[in-house]
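Numbering (our numbering), first residue to last: 1040 to 1171. Don't be surprised by glycine CBs; every beta carbon is placed ideally from N, CA and C. So the structure is just underneath, and the comments pick up after that.
Below is the structure:
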């Protein structure tokens, strides 16, 4: 179990696409957690890459986030391509496992995609004291 995670896929040598998420808040009364996510390009090489008009899709437990944008990235840089947040509901015992994925169409012939499963730490439960 965790409060954050990521999936990573190579676009080209020395440039990866990464989808990171983390739990930003939780609500005991509603049995929910809010996760924030970011879709990144990460470079580890000496060249600058400009990517324009790429289409992205991020899916968090069935909800799709889509868009088109562009970015320039240089050596050892990370650039956020898209960000968002989503409220997820835990099961009655406080557990939560959810699927997430991304797809990034960088050119008409190059699409990068990956998927994973996140498991959040249980939401702490309120104690109920019963007089015997």
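Check	Outcome
Identify whether residue 1138 lies in helix, strand or coil by the three-state DSSP scheme.	strand
Would residue 1089 pass as a contact of residue 1111 if the rule is Cβ separation under 9 Å?	yes
Which value, in whole angstroms, describes the spacing of the CA atoms of residue 1128 and residue 1143?	27 Å
Find out if the Cβ-Cβ distance for the pair residue 1042, residue 1160 is shorter than 9 Å.	yes
Nearest CA to the CA of residue 1050: which residue from 1169, 1156, 1141?	1141
Should residue 1052 be counted as a contact of the ligand ATP given a C-beta to heavy atom distance under 8 Å?	The ligand ATP is absent from the structure shown, which contains no ligand whatsoever.
Where residue 1053 and residue 1069 are concerned, what is the direct C-alpha to C-alpha distance, given to the nearest angstrom?	43 Å
Does residue 1155 come out as helix, strand or coil in the three-state DSSP assignment?	strand
Is DSSP giving residue 1075 helix, strand or coil here?	strand
From what residue to what residue does the beta strand (DSSP E) around residue 1122 run?	1117-1128
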